[in-house]
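Shown next, in structure tokens, is the structure this report addresses.
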Amino acid sequence: MAKVEPGMESMLEMYIFETNTLLEQLDEILLRTEDANVFSQEDINEIFRIMHTIKGSSAMMGFENLQHLAHKGEDMFFVIREKPEIAKDAHFVYELIFEVSDLYKAEIEYIQNTGDDDYTPTDFSETFHKLEEATEKLKAMENGEAPSASASAPAASAPAPTPAAEEGSMTVRVFFEDGCKMENLRAFLLLTKIKDEAEVISCTPPDVESNADTAKDIIENGFLVTFKGFDGNNDAVIKTIEGAVNVESYEIIDTPAAPAEEKPAETAPTAPAAPVEKAPVQEKAPAPAAAPAPTPVAKPEAPKAAVAKAQDDIKKANGGQKQSLISVNLSKLDTLHDIVGEIITTESMVIANPDLEGLELESFSKAARQLRKLTDELQDTVMSIRMVPLAGVFQKMGRIVRDMKIKLGKEAELVLEGETTEVDKSIVDNLNDPLMHLVRNCMDHGIEDDVNTRIAAGKPEKGTVKLSARHSAGEVIITVSDDGAGINCAKVLEKAKKNGILTKPENEYTTKEIQNMILLPGFSTNDTVTEYSGRGVGMDVVRSNIEQCGGTLNVESEEGKGSSFIIRIPLTLAIVEGMKLKVGDTIFTVPISSIKESLMVANNQLLHDTKQGEMIMIRGMCYPILRLHEKFNMPTEVTKLEDGILLLVDVGGKNVCLFADKLIGEQPVVVKPFPKYLSQYNIKAQGLSGCTVMGDGTISLIIDVNNLIS
Amino acid sequence: MSENYNDKLQELLNTQKAMEDAKKDPQNTVITKVLTFFIGDQVYGIEIPEVIEIIEVPPITAVPGVPSYIKGIINVRSKIVPVVNIRSRFGKEEIPFNDRTCIIIVSTGEVSVGLIVDSVADVVPVTEQHISNTPDLTGVNSNRFIKSILEMSDGIKLVLDVSKLIDEHAAEEFK
Numbered sequence: 071m072a073k074v075e076p077g078m079e080s081m082l083e084m085y086i087f088e089t090n091t092l093l094e095q096l097d098e099i100l101l102r103t104e105d106a107n108v109f110s111q112e113d114i115n116e117i118f119r120i121m122h123t124i125k126g127s128s129a130m131m132g133f134e135n136l137q138h139l140a141h142k143g144e145d146m147f148f149v150i151r152e153k154p155e156i157a158k159d160a161h162f163v164y165e166l167i168f169e170v171s172d173l174y175k176a177e178i179e180y181i182q183n184t185g186d187d188d189y190t191p192t193d194f195s196e197t198f199h200k201l202e203e204a205t206e207k208l209k210a211m212e213n214g215e216a217p218s219a220s221a222s223a224p225a226a227s228a229p230a231p232t233p234a235a236e237e238g239s240m241t242v243r244v245f246f247e248d249g250c251k252m253e254n255l256r257a258f259l260l261l262t263k264i265k266d267e268a269e270v271i272s273c274t275p276p277d278v279e280s281n282a283d284t285a286k287d288i289i290e291n292g293f294l295v296t297f298k299g300f301d302g303n304n305d306a307v308i309k310t311i312e313g314a315v316n317v318e319s320y321e322i323i324d325t326p327a328a329p330a331e332e333k334p335a336e337t338a339p340t341a342p343a344a345p346v347e348k349a350p351v352q353e354k355a356p357a358p359a360a361a362p363a364p365t366p367v368a369k370p371e372a373p374k375a376a377v378a379k380a381q382d383d384i385k386k387a388n389g390g391q392k393q394s395l396i397s398v399n400l401s402k403l404d405t406l407h408d409i410v411g412e413i414i415t416t417e418s419m420v421i422a423n424p425d426l427e428g429l430e431l432e433s434f435s436k437a438a439r440q441l442r443k444l445t446d447e448l449q450d451t452v453m454s455i456r457m458v459p460l461a462g463v464f465q466k467m468g469r470i471v472r473d474m475k476i477k478l479g480k481e482a483e484l485v486l487e488g489e490t491t492e493v494d495k496s497i498v499d500n501l502n503d504p505l506m507h508l509v510r511n512c513m514d515h516g517i518e519d520d521v522n523t524r525i526a527a528g529k530p531e532k533g534t535v536k537l538s539a540r541h542s543a544g545e546v547i548i549t550v551s552d553d554g555a556g557i558n559c560a561k562v563l564e565k566a567k568k569n570g571i572l573t574k575p576e577n578e579y580t581t582k583e584i585q586n587m588i589l590l591p592g593f594s595t596n597d598t599v600t601e602y603s604g605r606g607v608g609m610d611v612v613r614s615n616i617e618q619c620g621g622t623l624n625v626e627s628e629e630g631k632g633s634s635f636i637i638r639i640p641l642t643l644a645i646v647e648g649m650k651l652k653v654g655d656t657i658f659t660v661p662i663s664s665i666k667e668s669l670m671v672a673n674n675q676l677l678h679d680t681k682q683g684e685m686i687m688i689r690g691m692c693y694p695i696l697r698l699h700e701k702f703n704m705p706t707e708v709t710k711l712e713d714g715i716l717l718l719v720d721v722g723g724k725n726v727c728l729f730a731d732k733l734i735g736e737q738p739v740v741v742k743p744f745p746k747y748l749s750q751y752n753i754k755a756q757g758l759s760g761c762t763v764m765g766d767g768t769i770s771l772i773i774d775v776n777n778l779i780s
Numbered sequence: 218m219s220e221n222y223n224d225k226l227q228e229l230l231n232t233q234k235a236m237e238d239a240k241k242d243p244q245n246t247v248i249t250k251v252l253t254f255f256i257g258d259q260v261y262g263i264e265i266p267e268v269i270e271i272i273e274v275p276p277i278t279a280v281p282g283v284p285s286y287i288k289g290i291i292n293v294r295s296k297i298v299p300v301v302n303i304r305s306r307f308g309k310e311e312i313p314f315n316d317r318t319c320i321i322i323v324s325t326g327e328v329s330v331g332l333i334v335d336s337v338a339d340v341v342p343v344t345e346q347h348i349s350n351t352p353d354l355t356g357v358n359s360n361r362f363i364k365s366i367l368e369m370s371d372g373i374k375l376v377l378d379v380s381k382l383i384d385e386h387a388a389e390e391f392k
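Residue numbers (this note's numbering), protein chains in the order written: chain H, 71 to 780; chain P, 218 to 392.
So this is what it looks like as structure tokens:
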């Protein structure tokens, strides 16, 4: 079966994006309300808005199962909306809504990853059933607690079949473009839009949302809608109709027909916004139906006010800056990014052209400087376009902590810090899995199983998992930490021994080395495999995921106090300002950000340690020397330290002097990853982060000082 | 030099339609075409669909920490491509590059690799009758990269299995 109707494919991506965003919002609200244990009116309205949008767009895309799922969710919240108090302590509501949210995410991922022909909609009937049960239960609770509550429910039976007249109202007949398909849903979308601007009194056909057969009717007779603008202003609505997608023409039917005036009086004058929310309303109808006559005038006010308020909220939620934001396909940004990279390479190619060597070109250099300034700006702008705050990823972790809290029976809270820190979009995407894994690890392995252990150690009963992010010298540092048991070195060592991953005698390992062992492939300290972690593939996958986006992962832990996992990721992924070094025939590039100084040495500054390691005294400080040609096994003629040059580099407080033949100069370089074929050889661990094409077309290897030293 | 080879490739593309037509003739069905090259005196071949291009040897940037048969990386129109010396890959002695040495860039889907060969020979059409039965040499290391053996009038040609040649796992075992 085809996933979507022909012609709708282009909408699919938008649908997926939008729905995912909405689901994230939903999760966020639910987490917040669950903590506060109360639904505020705004929260409920927001949840309604989300459910409703998902329902509408799912229906438009033809995903019936998703549409019904949202509908049932709406039903449940309809009950809660009437009486938010009943949801207090009703954990089953949260469980269920989280389940629905998960089902949605799974289904959308499935839709995204499945070929057209292989797609079969998942059957959600079990969840439908659960939702129905919950709705019943809530209703029972509602009635049990306050039997009179339902009396205040908006009274409505069947939606008014003909346009109801009201002072200042307006009736418009809308025709959609020929062959635009699914006219009923387009009408429904239009209706939703009109509701932002006006109070919709009635529409014909009334059940456009759920009844696909109405499409035919709309094609023939048009879609008839009667509304009354807020403040009596109907022009805004007309504009909305004019601006709506696929609307071909509309006509204004000025005066409502006479019979229409009588009819509403008989049936339900209190049915303002009812037409689109029939199902739940009908079930509750009996109470008000018993006494519709006595209060025909007083009642409309309440629902109207509620509707107006809801609409206000919707407007607020949509935000005032809507017009200044656009969403762009990431692949376009990637292309832009690549082009900027090429421009910068080409710029170097022109400015550092060998043909220009030795020439005095004043105006050329001036123009070149100007160009450089502009390309720098261009680069910064492109980078900033791709920057997104980490908040989205961080907030998802709240959900994981919540779920695991319940499953593992541990008390813990998630603390977020610096979630407004912005990083490249591609990094954010790559961070999701590693962070999830680390947070799970903290919950599962970190936080103590027994609360008494915590109390005995003088820690608060409730464990803390902290996610923090900050910028530091051209990189983003993300830390996942817990105040749990910490890493038991003896246990790690024992396990490593058993798994045969030790490479030197046990007693030679430092604490830090032992702690970092948990990042090695095939290591798992948890004795039993749990649902969440402990399969022994985790940490090295986390590490390689992070390395894929150019980052590094380190562990710091103190037994009994907790552990931290520190992720460092270079801020600007692709372009670094580099210093070119020559070693033999190879040109290396060292990021300028890690260079402290370069110097020539005299023999008397040199020292030798007991292992024949070379060191140098600079201004009373002693630094080890690392000969690049030895480290990378590159033949060179310059082997005497006096003949070459030393480059003092600094990474995270560690200083080392790199020895190279000579310096060539500075250049911004576009970092390219090593080709896939070489990825099996772990070149990164050798201290090389990638390569770059230089102005003359040759390749330079980029040194990652951090890995080089460790 | 490279232009000549690329011309040959172009020529081949032009004749592909002819190939299609020839297929209809059951007597002399051209199954595929093979680019042949020399390593010492031995002629090897690579099936044309796997060949991207043939280039002269550009400056090669050595990469540390890789097996000795991986000579490094080269820049092919802003794409970084690793190069493998076929001689050392097959355990033969390396010879200095000369003006006939060239790099055949092959690709299996995502992975592109340049193969350094002594010289490129020809593009030959292969018909059913050329293919001799490959003796079952599974497990014999020296023959694991051979896809098929062609017996032609001008000698025997060994067609390489490119995917095996650049397959990561195969490389792993080799270490």
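Quick reminder that beta carbons are idealized off the backbone N, C-alpha and C, glycines included.
TODO: Go ahead and label Thr680 of chain H buried or exposed: buried means 16 or more other beta carbons lie within 10 angstroms of its beta carbon, across all protein chains shown.
DONE: By the neighbour-count rule (16 or more Cβ atoms within 10 Å), Thr680 of chain H is not buried but exposed.
- Message: Can you check which of these residues, H:Gln618, H:Glu417, H:Val611, is closest to Ile497 of chain H by C-alpha distance?
- Response: Ranking the options by Cα distance to Ile497 of chain H, first place goes to H:Gln618.
Check: Ala279 of chain P versus chain H: which residues are under 7 Å apart at the beta carbon?
Finding: Within chain H, Thr656, Met704 have C-beta atoms less than 7 Å from the C-beta of Ala279 of chain P, given in sequence order.
- Task: Please name the residue in H:Ser239, H:Ile637, H:Gly767, H:Glu177 whose C-alpha comes closest to that of Val612 of chain H.
- Result: It is H:Ile637.
**Item:** Short CB-CB distance (under 8 Å) between Thr342 of chain P and chain H
**Value:** Strictly speaking, residue 342 of chain P in this sequence is Pro, with Thr absent from that position. By the rule that beta-carbons nearer than 8 Å mark a contact, Pro342 of chain P does not touch chain H.
query = From Ser634 of chain H to Ser397 of chain H, what distance separates their C-alpha atoms?
reply = Using only the alpha carbons, I get a separation of about 36 Å.
Span separating the alpha-carbon of Lys250 of chain P from that of Asp371 of chain P: Looking at the two C-alpha atoms, the distance is approximately 16 Å.
For Asp720 of chain H, name the three-state secondary structure that DSSP assigns. The DSSP-derived three-state label of Asp720 of chain H is strand.
Original post:
Within the 8 Å Cβ cut-off, does Gln95 of chain H reach chain P?
Top reply: Not an interface residue.
_Measuring only the C-alpha atoms, how far is Gly533 of chain H from Ile86 of chain H?_
Looking at the two C-alpha atoms, the distance is approximately 36 Å.
So, is the C-beta of Leu382 of chain P closer than 8 Å to a C-beta in chain H?
Among the residues facing chain H, Leu382 of chain P is not included, as its CB has no counterpart in that chain under 8 Å away.
**OP:** For chain P, find out if any of its Cβ atoms is closer than 8 Å to the Cβ of Glu684 of chain H; answer yes or no.
**Re:** No, its Cβ sits nowhere closer than 8 Å to a Cβ of chain P.
Original post:
Going along chain H, which residues have a C-beta under 8 Å from Ser295 of chain P?
Top reply: The CB of Ser295 of chain P comes closer than 8 Å to the CB of Glu412, Thr415, Val763 in chain H, given here in chain order.
**Prompt:** Considering only C-alpha positions, which residue in the set H:Asn511, H:Val535, H:Gly556 is nearest to Thr523 of chain H?
**Reply:** Cα-wise, what sits closest to Thr523 of chain H is H:Gly556.
Original post:
Taking C-beta to C-beta, are Ser239 of chain H and Ile271 of chain H nearer than 8 Å?
Top reply: In this structure, Ser239 of chain H places its C-beta atom within 8 Å of the C-beta atom of Ile271 of chain H.
How would you label Thr325 of chain H, buried or exposed, when you count the other beta carbons within 10 angstroms and need 16 or more for buried? Bear in mind that the predicted position of Thr325 of chain H carries a pLDDT of just 48, short of 50, making it unreliable; the figure below should be weighed with that in mind. With fewer than 16 other CB atoms across the displayed protein chains lying within 10 angstroms of its CB, Thr325 of chain H is exposed.
For my contact list, Gly714 of chain H and Lys732 of chain H are in at a C-beta cut-off of 8 Å; report their separation, rounded to the angstrom. Between the beta-carbon of Gly714 of chain H and that of Lys732 of chain H there is about 7 Å, and that keeps the pair under the 8 Å contact cut.
Worksheet entry | Near-chain P residues of the stretch 709-729 of chain H (beta-carbon distance less than 9 Å), N- to C-terminal order | Within the stretch 709-729 of chain H, no residue qualifies.
Check your understanding: Along the chain, which unbroken stretches of the beta strand (DSSP E) at least 3 residues long are found entirely within the stretch 656-725 of chain H?
Key -> Listed in chain order, the complete beta strand (DSSP E) runs (minimum 3 residues) inside the stretch 656-725 of chain H are 656-661, 665-669, 676-678, 684-688, 691-697, 715-721.
Quiz prompt | For Ile311 of chain H, three-class secondary structure by DSSP | solution = Three-state result, Ile311 of chain H: helix.
Just verifying my parser: in three-state terms, what is the DSSP assignment at Thr205 of chain H? Looking at Thr205 of chain H - three-state DSSP - the assignment turns out to be helix.
The alpha helix (DSSP H) that contains Thr405 of chain H, what's its start and end? For Thr405 of chain H, the uninterrupted alpha helix (DSSP H) segment begins and ends at 400-421.
query: Are the beta-carbon atoms of Val283 of chain P and Gly331 of chain P separated by less than 8 Å?
result: Their beta carbons are not under 8 Å apart, which means Val283 of chain P does not touch Gly331 of chain P by this criterion.
Do the stretch 539-551 of chain H and the stretch 480-500 of chain H make contact, defined as three or more Cβ pairs closer than 8 Å?
Flag = yes, the stretch 539-551 of chain H and the stretch 480-500 of chain H touch.
**Study point:** Beta-carbon spacing of Ile588 of chain H, Val550 of chain H below 8 Å
**Key:** In this structure, Val550 of chain H does not lie closer than 8 Å to Ile588 of chain H by Cβ.
Pairwise C-alpha distance: Asn777 of chain H and Pro694 of chain H = It is roughly 16 Å from the alpha-carbon of Pro694 of chain H to the alpha-carbon of Asn777 of chain H.
Out of curiosity, what's the CA-to-CA distance linking Asn752 of chain H and Val763 of chain H?
Each residue's alpha carbon lies about 21 Å from the other.
So, at 7 Å on beta carbons, what are the nonlocal neighbours of Ile167 of chain H in its own chain, with the 5 sequence-adjacent residues on each side left out? In the same chain as Ile167 of chain H, and ignoring 5 residues on each side of it, the C-beta atoms closer than 7 Å to its own belong to Leu100, Gly143, in chain order.
* To do: Figure out for me which residue from H:Thr310, H:Val307, H:Arg256 has the closest Cα to the Cα of Phe293 of chain H.
  => The closest CA to that of Phe293 of chain H, considering only H:Thr310, H:Val307, H:Arg256, is found on H:Arg256.
Report buried or exposed for Gln737 of chain H, applying the criterion of at least 16 other Cβ atoms within 10 angstroms of its Cβ. Gln737 of chain H is buried by the Cβ-count criterion.
As a quick exercise: from P:Ile366, P:Pro313, P:Val337, pick the residue whose alpha carbon is nearest that of Ile348 of chain P. That would be P:Ile366, whose Cα lies nearest to the Cα of Ile348 of chain P.
Pop quiz: Asp553 of chain H and Lys529 of chain H are said to be a contact at Cβ under 8 Å. What is the actual Cβ separation, rounded to whole angstroms? Contact flag correct, Cβ pair sits at about 6 Å.
Going along chain H, which residues have a C-beta under 8 Å from Ile290 of chain P?
Residues of chain H passing the Cβ test: Phe744, Pro745, Leu748, Cys761, Ile769.
Just checking my contact of Gly648 of chain H with Ile779 of chain H at CB under 8 Å: how many whole Å lie between their CB atoms? In this structure Gly648 of chain H does not touch Ile779 of chain H by the C-beta definition: roughly 18 Å separates them, more than the 8 Å allowed.
(Q) DSSP three-state label for Phe84 of chain H, please. (A) Residue identity check: residue 84 of chain H is Met in the sequence provided, not Phe. When DSSP states are grouped into helix, strand and coil, Met84 of chain H belongs to the helix group.
* chain H contact for Val260 of chain P (CB, 8 Å cutoff) -> Judged by the 8 Å Cβ criterion, Val260 of chain P is not in contact with chain H.
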